[in-house]
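Trainee:
So this is what it looks like as structure tokens:
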């Protein structure tokens, strides 16, 4: 079995987590080009610099961050557009989580890792915990896993997370999940084989 560096595992899992969830909270927007900005963000340099600065405040909870951005949006006259955008993002996020939880429940992964996935999911959906605190707690959870468990956790996040995102996107766009079920059958079967090798 390939030995995975602990720091690498943590970074990979965090990357996968934030890719799944924080679609509206990108932290490196100072590197964005014109088309990367959300539709509600004004084109003025001042507005964009202020907007990007919010995501460096990891001591804020998501609710606190949203309140801060709402004040910014009101200042620049884009509050309605921002609220509409966030409503859509939250609908998508909730859909991803619901699908992800269903997939975790039905996977052949170990019960301990399933519980760990739900524990991390609960952390990420808590909108009153500071982002920095969430990251620290996730680090603690991962530190309590052995190498094999970390490998299983990483694989589950990578595969089930991607499947949940694809299915949610399909539902948002087309109102169905038929395509996702067909596309992911082979990938899920391969994952089951990989998990059996870990046990």
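Numbering (mature numbering (1 follows the signal peptide of the UniProt record, and there is no 0)), first residue to last: -27 to -1, 1 to 172.
The beta-carbon is built from N, C-alpha and C at its ideal position, and this holds for glycine as well.
(1) Hey, is the segment 100 to 115 in contact with the segment 17 to 31, meaning 3+ C-beta pairs nearer than 8 Å?
(2) With a cut-off of 8 Å, do at least 3 Cβ pairs link the segment 124 to 131 to the segment 81 to 89?
(3) Below 8 Å, can you find three or more Cβ-Cβ pairs linking the segment 7 to 23 to the segment 48 to 61?
(4) Tell me whether the beta-carbon of residue 24 lies closer than 8 Å to the beta-carbon of residue 5.
(5) What is the DSSP secondary structure of residue -7, counted as helix, strand or coil?
(6) Could you give the distance in angstroms between the alpha-carbon of residue 151 and the alpha-carbon of residue 134?
(7) Compare the Cα-Cα distances from residue 112 to each of 138, 54, 89, 39 and report the closest residue.
(8) Of the choices 68, 57, 41, whose alpha-carbon is the least far from that of residue 145?
(9) For residue 56, which option in 147, 43, 64, 65 has the closest C-alpha, if you only look at C-alpha atoms?
(10) Tell me whether residue 34 sits in a helix, a strand or coil according to DSSP, three-state version.
(11) For residue 72, I'd like the list of residues in its chain whose CB is within less than 7 Å of its CB, leaving aside the five on either flank, ordered along the chain.
(12) Going by beta-carbon coordinates alone, are residue 101 and residue 36 separated by less than 8 Å?
(13) Are the C-beta of residue 8 and some C-beta of chain B separated by less than 8 Å?
(14) What are the residues that DSSP puts in a beta bridge with residue 103?
(15) With 16 other CB atoms within 10 Å as the buried threshold, where does residue 97 fall?
(16) Within 10 Å of its beta-carbon, does residue 53 have 16 or more other beta-carbons around it, so buried, or fewer, so exposed?
(17) Exposed or buried, what is residue 125 when buried is set at 16 or more other beta-carbons lying within 10 Å of its beta-carbon?
(18) Which of the three DSSP states is assigned to residue 5 in this structure?
(19) Can you say whether residue 38 is buried or exposed, counting buried as having 16 or more other CB atoms within 10 angstroms of its CB?
Mentor: Taking the coordinates as given:
(1) Counting Cβ pairs under 8 Å, three or more are found: they touch.
(2) Yes: at least three Cβ pairs fall under 8 Å.
(3) Enough Cβ pairs lie closer than 8 Å, so yes.
(4) Cβ distance not < 8 Å, so residue 24 and residue 5 don't count as in contact.
(5) For residue -7, the pLDDT reaches just 46, beneath the cut-off of 50, and the residue's location in the model is therefore unreliable, leaving the point undetermined.
(6) For residue 151, the pLDDT reaches just 40, beneath the cut-off of 50, and the residue's location in the model is therefore unreliable, leaving the point undetermined.
(7) It is 89 whose Cα lies nearest to the Cα of residue 112.
(8) Residue 68 is the option with its Cα nearest to residue 145.
(9) Comparing C-alpha distances from residue 56 to each of 147, 43, 64, 65 shows the shortest one belongs to 43.
(10) It is a strand residue.
(11) Closer than 7 Å at the Cβ level, and outside the excluded window around residue 72, lie 137, 140, 141.
(12) Yes, they are a contact pair.
(13) No chain B appears in the structure shown, which is made up of a single protein chain.
(14) Answer is 34, bridged to residue 103.
(15) Around the CB of residue 97, 16 or more other CB atoms lie within 10 Å, so the residue is classed as buried.
(16) The residue in question, residue 53, is exposed, as its Cβ has fewer than 16 Cβ neighbours within 10 Å.
(17) By the 10 Å Cβ count, residue 125 comes out buried.
(18) Reduced to three states, the DSSP call for residue 5 is coil.
(19) Counting Cβ neighbours within 10 Å, residue 38 comes out buried, since at least 16 surround it.
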